[in-house]
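Report on the structure given below.
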Amino acid sequence: MKIDFSKYSSVKIGGIFEVELIDETIEFDGVMIGGANNILISPNPPKMGILGSKFDYIKLENGVLKIGAKTSSAKIYKFTKDNNLGGFEFIKKIPGTLGGLITMNAGVKEYEIGARLKSISTSKGIKHRNECGFGYRRSNIDGVIFEASFDIKGEFDNELSNYLNQKRSNQPKGASFGSCFANPSGDHAGRLIEAAGLKGFRIGGCGFSEIHANFLINYGGGSFEDALNLINLAKERVYELFGIRLRCEVVIL
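Under the numbering used here, the first residue of the sequence shown is numbered 2, with each subsequent residue one higher.
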């Protein structure tokens, strides 16, 4: 199938490319794009794949929540809230599909998707939580994720959900990757980018938001080169000034 990444990706950058539709639990030697929420597509991307609708589901079986890897964060949040299931209150404002959320161990504050994970079904077999190598916004998961199983403990916490939702209410609107860089230990990437004089700075059609400097926004007509140059500039400037190497959360293909 062909996908126009200038429309499909969250940052609205990229051309029209062939993407393999994966409808069965098979091995795939390319890159899974999921919802393309933190992906920057180059003019010459590698082989790419996307899961079919077969993997968009949520099932509750004997106290275990089984979710297909194509299921969106919004759908997971709604299901757990409607069924009074705790542990997913933080997921509301994190865009994407489950496979990508697990791969990057997505989260808000101290709440992370890997915390309640029991196991995942992948093209390499079943992997239990302790085999996934979870860290801050990372994992060592290899292969295609098809399904994840989560332990359910406790009821949905509306107060926590509202608190976390408020914490992310300052996020800029517009076409972006979400957070561009992971926060270094003891600091915040947004603060460092702002201190480096890059808050609101633009190259071409892209720029770091004036609301939150860790958000790279495509203001219209932004290109791969515009976004990549901004990312590299922030890395260089922050390292020169503070000796800190920012880790980019954006997957550059």
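Yeah, the Cβ is synthetic: ideal placement off N, Cα and C, and Gly gets one too.
For clarity, every value in this text was computed on a predicted model and none was experimentally measured.
query: According to DSSP, is F157 helix, strand or coil?; result: coil
query: Which residues does DSSP list as the beta-bridge partners of I121?; result: K128, A149
query: Among Y240, E62, F147, N163, whose alpha-carbon lies nearest the alpha-carbon of G101?; result: F147
query: Bridge partners of L199, per DSSP?; result: Per DSSP, none; premise fails for L199.
query: Which of helix, strand or coil does DSSP assign to R138?; result: coil
query: Which two residues bound the contiguous alpha helix (DSSP H) that contains I77?; result: 74-83
query: Is it the case that the Cβ atoms of G31 and G50 are separated by a distance below 7 Å?; result: yes
query: Using the Cα positions of G221 and I34, report the straight-line distance between them to the nearest angstrom.; result: 22 Å
query: Could you have a look at F225 and say whether DSSP puts it in helix, strand or coil?; result: helix
query: Rounded to whole angstroms, what is the Cα-Cα separation between Q172 and I212?; result: 7 Å
query: Would you identify the three-state DSSP class for I192, choosing helix, strand or coil?; result: Before going on, a small fix: residue 192 reads as Arg here, not Ile. Helix.
query: Ends of the beta strand (DSSP E) at D86?; result: A small fix is needed here, since residue 86 is Leu in this sequence, not Asp. Run containing L86: none; DSSP gives neither H nor E here.
query: So, I218 versus G208, is the Cβ gap smaller than 7 Å?; result: yes
query: If we count the other Cβ atoms within 10 Å of its Cβ and call it buried at 16 or more, is V251 buried or exposed?; result: buried
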